[in-house]
Amino acid sequence: MSQPDTKIRDEVAELRAALDDANYRYYVLDEPQLTDADYDLKLRRLQEIEAEYPTLVTPDSPTQRVGAAPADGFPEVMHDVPMLSLNNAFDEEELADFVRRVADRLEVTPESLSFCCEPKLDGAAVSLVFEHGELTRGVTRGDGRTGEGITSNLKTLKSIPLRLRGKEWPERLEVRGEVTMRHADFEAMNDKAREEGTKVFANPRNAAAGSLRQLDPRITDKRPLEFSAYQLVQGTVSVADIDTPTHSEQMALLRDWGFRVSAELDVVQGAKGIIDYCRRLGEKRDGLGYDIDGAVIKVDDLRLQRELGFVARAPRWAIAFKFPAQEQVTTLEDVEFQVGRTGAITPVARLAPVSVAGVTVSNATLHNQDEIARLGVMIGDRVSIRRAGDVIPQVVRVIEEERPADAREIVFPECCPVCDSQIERLEGEAVARCSGGLYCPAQRKEALKHFASRRALDIEGLGVKLIDALVELDWVKSPADLFTLSAEALAGLPRMGEKSAANLVAALEKAKQTTLARFIYALGIREVGEATANNLARHFGTLDALMAAEQADLEAVDDVGPIVAAHLHTFFRQPHNRETIEALIAQGLTWQEEAVIERPQPLAGETWVLTGTLENLTRDEGKARLQALGAKVAGSVSKKTACLVAGEAAGSKLTKATDLGVPVIDEDEFLTRLAAWERGESMGAESDADHQEETQ
Ligand SMILES: NC(=O)c1ccc[n+]([C@@H]2O[C@H](COP(=O)([O-])OP(=O)(O)OC[C@H]3O[C@@H](n4cnc5c(N)ncnc54)[C@H](O)[C@@H]3O)[C@@H](O)[C@H]2O)c1
Ligand SMILES: [Zn+2]
Numbered sequence: 114m115s116q117p118d119t120k121i122r123d124e125v126a127e128l129r130a131a132l133d134d135a136n137y138r139y140y141v142l143d144e145p146q147l148t149d150a151d152y153d154l155k156l157r158r159l160q161e162i163e164a165e166y167p168t169l170v171t172p173d174s175p176t177q178r179v180g181a182a183p184a185d186g187f188p189e190v191m192h193d194v195p196m197l198s199l200n201n202a203f204d205e206e207e208l209a210d211f212v213r214r215v216a217d218r219l220e221v222t223p224e225s226l227s228f229c230c231e232p233k234l235d236g237a238a239v240s241l242v243f244e245h246g247e248l249t250r251g252v253t254r255g256d257g258r259t260g261e262g263i264t265s266n267l268k269t270l271k272s273i274p275l276r277l278r279g280k281e282w283p284e285r286l287e288v289r290g291e292v293t294m295r296h297a298d299f300e301a302m303n304d305k306a307r308e309e310g311t312k313v314f315a316n317p318r319n320a321a322a323g324s325l326r327q328l329d330p331r332i333t334d335k336r337p338l339e340f341s342a343y344q345l346v347q348g349t350v351s352v353a354d355i356d357t358p359t360h361s362e363q364m365a366l367l368r369d370w371g372f373r374v375s376a377e378l379d380v381v382q383g384a385k386g387i388i389d390y391c392r393r394l395g396e397k398r399d400g401l402g403y404d405i406d407g408a409v410i411k412v413d414d415l416r417l418q419r420e421l422g423f424v425a426r427a428p429r430w431a432i433a434f435k436f437p438a439q440e441q442v443t444t445l446e447d448v449e450f451q452v453g454r455t456g457a458i459t460p461v462a463r464l465a466p467v468s469v470a471g472v473t474v475s476n477a478t479l480h481n482q483d484e485i486a487r488l489g490v491m492i493g494d495r496v497s498i499r500r501a502g503d504v505i506p507q508v509v510r511v512i513e514e515e516r517p518a519d520a521r522e523i524v525f526p527e528c529c530p531v532c533d534s535q536i537e538r539l540e541g542e543a544v545a546r547c548s549g550g551l552y553c554p555a556q557r558k559e560a561l562k563h564f565a566s567r568r569a570l571d572i573e574g575l576g577v578k579l580i581d582a583l584v585e586l587d588w589v590k591s592p593a594d595l596f597t598l599s600a601e602a603l604a605g606l607p608r609m610g611e612k613s614a615a616n617l618v619a620a621l622e623k624a625k626q627t628t629l630a631r632f633i634y635a636l637g638i639r640e641v642g643e644a645t646a647n648n649l650a651r652h653f654g655t656l657d658a659l660m661a662a663e664q665a666d667l668e669a670v671d672d673v674g675p676i677v678a679a680h681l682h683t684f685f686r687q688p689h690n691r692e693t694i695e696a697l698i699a700q701g702l703t704w705q706e707e708a709v710i711e712r713p714q715p716l717a718g719e720t721w722v723l724t725g726t727l728e729n730l731t732r733d734e735g736k737a738r739l740q741a742l743g744a745k746v747a748g749s750v751s752k753k754t755a756c757l758v759a760g761e762a763a764g765s766k767l768t769k770a771t772d773l774g775v776p777v778i779d780e781d782e783f784l785t786r787l788a789a790w791e792r793g794e795s796m797g798a799e800s801d802a803d804h805q806e807e808t809q
């Protein structure tokens with residue numbers, strides 16, 4: 114046997130230190146710094162050296178151990194049967210080798226062997242113990258020998274039965290499986306964390322492991338975790354106890370007892386069956402909606418499993434076939450800013466092309482300005498990219514140690530890269546937006562759809578598909594261009610007869626007669642809905658007055674807070690938006706200024722308050738309808754309150770109103786009155802409420 118020289122010894126020490134550190138970051142902090150592929154390479158190298166120089170193997174070598182020791186804060190629980198890792202196969206040849214080794218050891222032909230094949234779910238392994246059918250213990254894998262007792266956390270998972278279904282289960286049963294998070298849930302959780310400035314996880318595996326190991330089960334409860342069973346532990350149930358000689362039959366049993374078991378599970382013969390399965394699963398990988406990092410191949414016959422037994426840290430009867438990693442490191446070459454269809458500005462990383470799980474990736478999202486700050490990323494950096502399923506590739510981490518000297522800071526633009534309008538980012542909002550709503554080509558289609566919609570200008574016959582076509586043909590660049598369309602030209606479009614073309618031109622002509630409120634709403638200014646548009650029209654009376662208004666004037670309008678006021682102010686300051694408005698008016702758009710003001714305002718001068726839960730309308734609807742009748746709607750009751758509308762479970766406001774002698778009405782009465790006022794009947798709040806008090 115050859116003796117290791119100093120160089121080899123140094124390499125071993127270095128590999129062990131790197132792997133120990135990686136394990137700690139991965140299993141304890143849930144914040145890996147190496148990619149899985151790098152980790153696997155290092156572990157492989159260490160295994161190779163140790164195989165060549167067995168004297169170098171120590172019991173604490175990462176090749177001999179599983180996971181990491183349990184973290185502080187949880188009770189340490191000893192596993193009845195150790196929870197091991199799996200040996201890996203990185204290509205089809207290694208799979209065939211595995212089958213040959215198993216067959217040799219069992220002295221059978223490779224073709225005669227049945228294997229149960231399953232997806233290798235990429236999450237966190239846990240063990241569940243059921244006594245008399247009831248869940249009594251849940252533990253993480255930990256270092257394989259002892260794990261963290263996380264029973265209360267696991268009880269929050271809906272996919273873990275607290276009581277087994279059926280009857281035929283043994284008195285004591287241990288089930289193992291993987292806790293995972295689906296892509297969609299993971300994305301939503303991270304989006305929320307980005308908004309709230311809380312911890313963003315690099316991938317669903319880290320998110321699942323981190324969520325399971327929360328000291329407060331209420332936090333775990335809020336995390337979208339799923340448990341899938343993959344093993345019924347031998348030793349807790351002897352093969353003779355229940356008549357299931359194979360692993361696959363045990364999985365069926367677990368399904369009957371109330372566990373989720375992978376639908377992709379399949380039993381195949383020999384190496385060819387395994388290789389076919391792995392290819393099929395690999396093709397499905399992107400469409401599954403959750404992460405798998407490979408396939409797990411198990412000898413199906415439980416007697417043969419026992420005969421094969423274990424080595425160091427893994428069973429001999431199983432192997433993990435590893436798929437290409439979903440994370441790769443590459444260089445961030447530049448950042449471009451894209452404008453979405455509603456004006457949101459998204460920084461997009463331009464990358465040195467890199468193959469990630471079989472697909473070449475050259476772009477990844479950086480979400481927004483806060484995310485750039487959170488990652489601390491610069492142009493020129495080496496970055497870790499993740500691509501999983503249909504989710505847009507993301508930059509998950511910067512390798513700061515590899516930052517080049519000429520790395521440049523990412524500068525967020527001040528003007529829209531498409532239309533040059535000012536970019537607006539309001540306090541407390543993560544998203545920056547282009548304020549050229551009416552003019553910006555990136556927002557054209559959405560702006561036109563809104564402009565033509567029923568509650569805006571209500572242009573009959575101008576549907577979504579037609580708008581798309583008109584924009585793509587470049588016939589319509591701004592809403593004003595709609596009014597220049599001729600029936601002849603329109604008739605030439607696909608699915609447009611002469612009749613519908615003529616109808617559309619007539620509808621456009623008709624839409625020119627509108628109201629100021631509808632016109633304001635049609636402009637599609639952010640957060641300016643119908644009710645706000647009504648209030649603005651009523652308050653300012655003319656478009657000129659509205660366009661000239663300063664921030665403070667705008668805030669004086671009912672229902673308009675600082676954010677809406679800022680949106681309005683910026684919108685009307687954009688020259689292009691003003692030009693579009695002028696063009697619309699030049700096309701003949703008109704409205705009767707009085708139309709809005711003329712509506713009956715029986716509640717003018719009154720202040721109303723809404724409280725409690727309303728059954729038939731939302732509070733916002735109630736508020737909008739009151740405002741349309743001239744009332745102000747306040748958030749608290751005072752002596753000046755004209756009337757309090759008290760819904761179900763009204764609390765302190767109701768008490769206060771009663772104390773102050775403010776008239777109170779319930780929801781039914783409120784609806785009756787609203788309807789009467791809206792029909793134009795007179796029905797004063799005061800007199801009626803007084804009347805009601807008398808009759809109570
Ligand atoms: N990036 C890093 O820094 C870092 C650090 C440590 C580990 N890792 C990654 O973790 C891997 C090693 O982790 P490991 O020891 O948990 O081994 P493993 O994940 O490769 O395999 C064992 C695990 O597979 C899981 N599994 C999923 N589906 C299964 C099924 N159907 N049947 C049986 N088991 C199933 C179980 O949780 C089991 O514990 C490495 O290969 C590497 O990819 C990465
Ligand atoms: Zn723009």
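Just so we're aligned, residue 114 is where the sequence shown starts under the numbering used here, counting upward by one.
Backbone N, C-alpha and C fix where the C-beta goes; we use that ideal spot for every residue, glycine too.
- Taking all protein chains in view, the Cβ of residue 690 is crowded by 16 or more other Cβ atoms within 10 Å, so the residue is classified as buried.
- An exposed status is given to residue 581, since fewer than 16 other beta-carbon atoms sit within 10 Å of its beta-carbon.
- With contacts defined as CB atoms closer than 8 Å, residue 243 and residue 197 fail to qualify as a contacting pair.
- The three-state reading of DSSP puts residue 749 in coil, since its state is none of H, G, I, E or B.
- With a contact defined as Cβ atoms closer than 8 Å, residue 155 and residue 406 miss out at about 17 Å.
- Across the structure, residue 597 and residue 488 are spaced so that their CA atoms are roughly 49 Å apart.
- Counting C-beta atoms within 10 angstroms of its own C-beta, residue 577 has fewer than 16 neighbours from the protein chains shown and is therefore classed as exposed.
- DSSP, read as helix, strand or coil, puts residue 518 in coil.
- When the beta-carbon positions are compared, residue 136 and residue 167 stay at least 8 Å from each other.
- Bridge partners of residue 721 according to DSSP: 746, 756.
- Restricting attention to 129, 317, 437, 729, the CA atom closest to the CA of residue 201 is found in 437.
- In the displayed model, residue 460 falls within a strand according to three-state DSSP.
- The C-beta of residue 746 has 16 or more other C-beta atoms within 10 Å across all chains shown, which makes the residue buried.
- Checking the 7 Å criterion, the Cβ of residue 534 is within range of a heavy atom belonging to ligand 2.
- Taken through DSSP and simplified to helix, strand or coil, residue 290 comes out as strand.
- Under the three-state reduction of DSSP, residue 580 is assigned to helix.
- Residue 200 carries a coil assignment under DSSP once its states are collapsed to helix, strand and coil.
- Look at residue 609 here: in three-state DSSP terms it is coil, with no helix or strand label.
- A residue is called buried once 16 or more other Cβ atoms fall within 10 Å of its Cβ, and residue 173, having fewer, is exposed.
- A straight-line Cα-Cα distance of about 6 Å links residue 534 and residue 547.
- Within the chosen limit of 7 Å, ligand 1 reaches the beta carbon of residue 153 through at least one heavy atom.
- Rounded to the nearest angstrom, the Cβ distance from residue 554 to residue 524 is 23 Å, too far for a contact under 8 Å.
- Within the same chain, and ignoring the five residues on either side of residue 591 in sequence, the residues whose Cβ sits closer than 7 Å to its Cβ are 551, 552, 693, 696.
- Non-local beta-carbon contacts of residue 457 in its own chain, meaning distances under 7 Å to residues more than five positions away in sequence, involve 544, 546 in chain order.
- Counting C-beta atoms within 10 angstroms of its own C-beta, residue 760 has 16 or more neighbours from the protein chains shown and is therefore classed as buried.
- In this structure, 504 is the residue among 189, 504, 658 with its C-alpha nearest to the C-alpha of residue 476.
- Contact check for residue 403 and residue 295: beta-carbon distance about 5 Å, within the 8 Å limit, so the pair qualifies.
- Counting along the chain, no alpha helix (DSSP H) covers residue 139, and no H or E run does either.
- Distances taken from the Cβ of residue 544 to the heavy atoms of ligand 2 include none shorter than 7 Å.
- Annotation for residue 150: 438 place their beta carbon closer than 6 Å to its own, counting only its chain and skipping 5 residues before and after.
- Comparing alpha-carbon positions, the option among 737, 663, 728 lying closest to residue 671 turns out to be 737.
- Taking C-beta separations shorter than 6 Å and ignoring five residues to either side along the sequence, the partners of residue 616 in its chain run 574, following chain order.
- The Cβ-Cβ distance between residue 341 and residue 291 falls below 8 Å.
- In this structure, residue 429 keeps its C-beta atom at 8 Å or more from the C-beta atom of residue 177.
- Bounds of any alpha helix (DSSP H) do not take in residue 251; it lies within the beta strand (DSSP E) bounded by 247 to 253.
- Residue 135 has its CB nearer than 7 Å to a heavy atom of ligand 1.
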